[in-house]
Ligand SMILES: NC(=O)c1ccc[n+]([C@@H]2O[C@H](COP(=O)([O-])OP(=O)(O)OC[C@H]3O[C@@H](n4cnc5c(N)ncnc54)[C@H](O)[C@@H]3O)[C@@H](O)[C@H]2O)c1
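Numbering (this note's numbering), first residue to last: 3 to 255.
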């Protein structure tokens, strides 16, 4: 990945999946351009930035069209172009990640969709012009709760279904411009976001017990698979969802 510039959205701390992906990219020689959601997340990122070689970074809330446009304009000024985008961003109201799905509020549904699914379309709209002619690659992080009803995942499962469908439509739309779009479906990992899902520890325990590999995955596992999809080795792959879940999703019982 020497000479490749990859924009990574979604590092909150050293447990973040985006941090694992950034480490894998850096090991392979990529140059990183990072976002942080707000000032607080910026301070958190400052504390671990040296572990990523103190990369270029800028505040960008993905719900703001203006902020996203400004982020990519700044990337263009700094690096002259872009080779990849990592979308590792999601949110939902805590009260919607547990209890009855039927009680999902419109506000909670809209928030989950905006941050976790629509934002991918927005990143591609502003990022694609920087990747044209460079064989760009975009990846988004998803979870099996998009295709199966996972207890408590609720509104986020619906957002992930929209995200995965968006991956296919974006792949179709951007493919003729030489840009690939894929998703990585990670098994459960204990992160800041995951701590909001009711009964998360029980999900981890069940995966360790029942997945073919009899373990949970790590951010390193996910980082290396994401790096593959971002690299030339995956040049023929677009519109796909690659499961990195120790095989859990193939089990019937
Ligand atoms: N942890 C898991 O078990 C798991 C499994 C599969 C998929 N995922 C997905 O991986 C991705 C990363 O999550 P994570 O588990 O690393 O958690 P995390 O909390 O470390 O990362 C989530 C990130 O989203 C950012 N974010 C939220 N709202 C934002 C906004 N409006 N603008 C900009 N950034 C915003 C946060 O700042 C944070 O950096 C998410 O899409 C998540 O759904 C997580």
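Where is the CB? At the ideal position from N, CA and C, for every residue including glycine.
These numbers were taken from a predicted model, which means no experiment stands behind them.
Does DSSP put residue i in a helix, a strand or coil?
{"i": "residue 259", "result": "Since the first residue of the chain shown is 3 and the last is 255, residue 259 is not available in this structure."}
{"i": "residue 164", "result": "helix"}
{"i": "residue 156", "result": "helix"}
{"i": "residue 24", "result": "helix"}
{"i": "residue 14", "result": "coil"}
{"i": "residue 145", "result": "coil"}
{"i": "residue 139", "result": "strand"}
{"i": "residue 192", "result": "coil"}
{"i": "residue 71", "result": "helix"}
{"i": "residue 181", "result": "coil"}
{"i": "residue 255", "result": "coil"}
{"i": "residue 51", "result": "helix"}
{"i": "residue 35", "result": "strand"}
{"i": "residue 187", "result": "strand"}
{"i": "residue 173", "result": "helix"}
Using only CA atoms, which one of the options lies nearest to residue i?
{"i": "residue 122", "options": "81, 152, 173 and 111", "result": "173"}
{"i": "residue 244", "options": "110, 156 and 230", "result": "230"}
{"i": "residue 66", "options": "125, 42 and 99", "result": "125"}
{"i": "residue 178", "options": "152, 213, 225 and 130", "result": "130"}
{"i": "residue 205", "options": "225, 151 and 233", "result": "151"}
{"i": "residue 115", "options": "181, 13 and 168", "result": "168"}
{"i": "residue 142", "options": "10, 3 and 6", "result": "10"}
{"i": "residue 108", "options": "144, 148, 192 and 160", "result": "160"}
{"i": "residue 43", "options": "91, 102 and 78", "result": "91"}
{"i": "residue 145", "options": "88, 133, 166 and 134", "result": "166"}
{"i": "residue 200", "options": "38, 76, 80 and 102", "result": "102"}
{"i": "residue 93", "options": "234, 76, 133 and 162", "result": "162"}
{"i": "residue 279", "options": "18, 27 and 64", "result": "Shown here, the chain extends from 3 to 255; a query on residue 279 therefore has no answer."}
{"i": "residue 18", "options": "64, 228, 221 and 61", "result": "221"}
{"i": "residue 15", "options": "69, 234 and 50", "result": "50"}
{"i": "residue 148", "options": "31, 13, 118 and 254", "result": "118"}
List the whole-angstrom C-beta distance separating residue i from residue j, where the pair is believed to meet the contact cut-off of C-beta under 8 Å.
{"i": "residue 59", "j": "residue 36", "result": "4 Å"}
{"i": "residue 47", "j": "residue 8", "result": "Actually they do not touch by this definition, with Cβ atoms about 16 Å apart."}
{"i": "residue 86", "j": "residue 232", "result": "5 Å"}
{"i": "residue 170", "j": "residue 139", "result": "So it is not a contact: roughly 15 Å between Cβ atoms."}
{"i": "residue 137", "j": "residue 180", "result": "6 Å"}
_Give the list of continuous beta strand (DSSP E) stretches no shorter than 3 residues that lie fully inside the region 199-248._
243-246
*asked:* What ranges does the beta strand (DSSP E) occupy inside the region 77-133, keeping only unbroken runs of at least 3 residues that lie completely in it?
replied: Those beta strand (DSSP E) runs which fall completely within the region 77-133 and span 3+ residues are 86-89.
*If you pair each beta-carbon of the region 43-55 with each one of the region 210-221, do three or more pairs fall below 8 Å?*
no
_Does the region 6-25 come into contact with the region 179-196, if we say contact requires no fewer than three beta-carbon pairs (one atom in each stretch) closer than 8 Å?_
yes
*Evaluate the contact criterion for the region 88-99 versus the region 149-161: three or more CB pairs, one atom per stretch, below 8 Å.*
yes
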